[in-house]
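Chemist: With full-length UniProt numbering, letter number 35 in the sequence shown gets 35, and the count goes up by one each step, no holes.
All C-beta atoms, glycine included, are put in the ideal place defined by N, C-alpha and C.
On a predicted model such as this, the values are computed, not experimentally measured, just so you know.
Please find one structure pasted underneath; my questions will follow.
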Amino acid sequence: MHSNEIVVGLDGSAQSRAALRFAVAQARRMRATVRVVTAFDYNWGSGRFGGSEEQEQAVRARHEKALAEAIEEVRPVAADVTVAGSAVLGEPAPVLLNAGKAAVLTVVGNRGRGGFGSLLLGSVSQKVATHARHPVVVVRGTVDTATGPVIVGVDHTDHSEHTIGAAFEEAVRRGSSVIAIHAYEFPAAYGVMAMSVLPYKPEDLRDAEVAALETALEPWREKFPGVPVEALVARGTAARVLVDVSSNAGLVVVGSRGHGGVAGTLLGSVGLQVLHHADCPVMIVHPTDTPAPEG
């Protein structure tokens with residue numbers, strides 16, 4: 001069961017402070033509270049967390065001071081949002097995943113000081129985006145304004161319903177539109193087929209993709225009649241299409257798994273490429289995040 005709390009990771013980097021600003025703005029839209037979490041770790045002495053209790057308390061105090069300063073920075077734009085912080089002993093990814101177990105959303109920066117922000121392979125943000133059981137936003141690009149449309153990748157798997165639903169809910173919160181995108185490529189031809197006439201008409205394939213996307217969107221148009229929707233079918237790789245449109249978007253929403261449409265599994269997939277290259281914040285939606293529309 002989710003609490004009405006947004007958890008955001010802070011490691012002192014500019015990117016994690018941008019994530020905090022995003023979290024505050026999102027909390028206002030969701031009428032949620034914000035919990036700022038920083039992890040600290042040290043290897044003094046021979047033990048895993050070797051050193052005296054006094055040393056641990058000194059490290060904790062430094063992190064709590066940094067937390068307080070970061071929270072104070074956002075006070076001018078967070079007057080109507082409850083923001084609290086905690087410094088937790090442990091590795092960043094497990095700490096953040098544990099803190100966010102009951103949260104409605106976890107927010108991280110796209111890179112940082114080896115703490116919550118990095119998006120290098122095996123890094124904290126990637127681990128959190130992959131293993132969290134609720135939505136995760138990785139903050140990229142401009143975060144101080146959210147006037148662009150919400151872009152959602154649709155790949156026609158069962159999980160797409162959750163992804164589309166999350167995008168529509170975000171559009172309602174932001175007062176923006178939804179652009180639903182499905183990317184496709186022509187089936188590969190092999191052997192003799194590669195040297196002969198195509199066994200299908202490209203225009204027929206595109207028409208089928210357009211029809212499938214419209215069918216997927218129909219129940220959501222009915223559930224959210226006030227949200228302007230544009231359905232876009234584009235030929236090309238899913239990651240390239242999403243990244244290309246992200247420069248004018250307020251948010252890109254993708255699923256945590258899929259099968260070669262837009263919302264593939266994260267590790268080594270479309271989702272990971274979007275996290276690396278998008279020009280706006282990216283939301284990763286997990287299968288249990290949003291119920292399908294009734295109908």
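Just verifying my parser: in three-state terms, what is the DSSP assignment at S247?
Modeler: Looking at S247 - three-state DSSP - the assignment turns out to be helix.
Chemist: Cβ atoms of A93 and A183: under 7 Å apart, would you say?
Modeler: no
Chemist: Restricting to Cα atoms, I'd like to know which of G250, L213, P219, A249 is closest to V233.
Modeler: L213
Chemist: Tell whether a beta-carbon distance below 7 Å holds between T106 and V7.
Modeler: yes
Chemist: Leaving out five residues before and five after A61 in sequence, what residues of the same chain have Cβ atoms less than 7 Å from its Cβ?
Modeler: none
Chemist: Excluding five sequence neighbours on each side, which residues of the same chain lie with their C-beta closer than 6 Å to the C-beta of Q273?
Modeler: A239
Chemist: Between R31, E5, A18, which has its C-alpha nearest R173's C-alpha?
Modeler: R31
Chemist: What number of angstroms, rounded off, separates the C-alpha of G90 from the C-alpha of H134?
Modeler: 21 Å
Chemist: So, with DSSP's three-state summary, where would you put H162?
Modeler: helix
Chemist: Would you be able to state if there are at least three C-beta pairs under 8 Å between the segment 5-24 and the segment 68-88?
Modeler: Output reads yes: the segment 5-24 touches the segment 68-88.
Chemist: Can you name the start and end residues of the beta strand (DSSP E) that G153 belongs to?
Modeler: 150-153
Chemist: In the DSSP assignment, find the alpha helix (DSSP H) that holds R206 and state where it starts and stops.
Modeler: Run containing R206: 202-223, per the alpha helix (DSSP H) assignment.
Chemist: Tell me the rounded alpha-carbon separation between S13 and E218.
Modeler: 42 Å
Chemist: Let me know the secondary structure DSSP gives G117 once reduced to three states.
Modeler: Because G117 sits at a pLDDT of 46, beneath the cut-off of 50, its placement in the model cannot be relied upon, and the point is left open.
Chemist: How do the segment 148-158 and the segment 243-253 stand: do at least 3 beta-carbon pairs fall below 8 Å, yes or no?
Modeler: yes
Chemist: Hey, how far is the Cα of S269 from the Cα of V108?
Modeler: Approximately 20 Å, taken between the alpha carbons.
Chemist: Consult DSSP for G271 and reduce its assignment to one of helix, strand or coil.
Modeler: helix
Chemist: Only counting the same chain, and skipping five residues up and downstream in sequence, which positions put a Cβ closer than 7 Å to that of V241?
Modeler: I181, A183, A234
Chemist: Would V285 pass as a contact of H162 if the rule is Cβ separation under 7 Å?
Modeler: For the pair V285 and H162, the CB atoms are nearer than the 7 Å cut-off.
Chemist: Suppose you measure from the CA of V104 to the CA of R35; what does that come to, to the nearest Å?
Modeler: 11 Å
Chemist: Just to confirm my understanding: we take T33, look at its own chain, exclude 5 residues before and 5 after, and list those with CB closer than 8 Å. What are they?
Modeler: N4, E5, I6, A27, V81, T82, V83, A84
Chemist: Determine the contact status of residue 300 and V227, defining contact as a CB-CB distance below 7 Å.
Modeler: As shown, the chain starts at 1 and ends at 295. That puts residue 300 outside it, with no answer to give.
Chemist: Would you identify the three-state DSSP class for H286, choosing helix, strand or coil?
Modeler: The DSSP-derived three-state label of H286 is coil.
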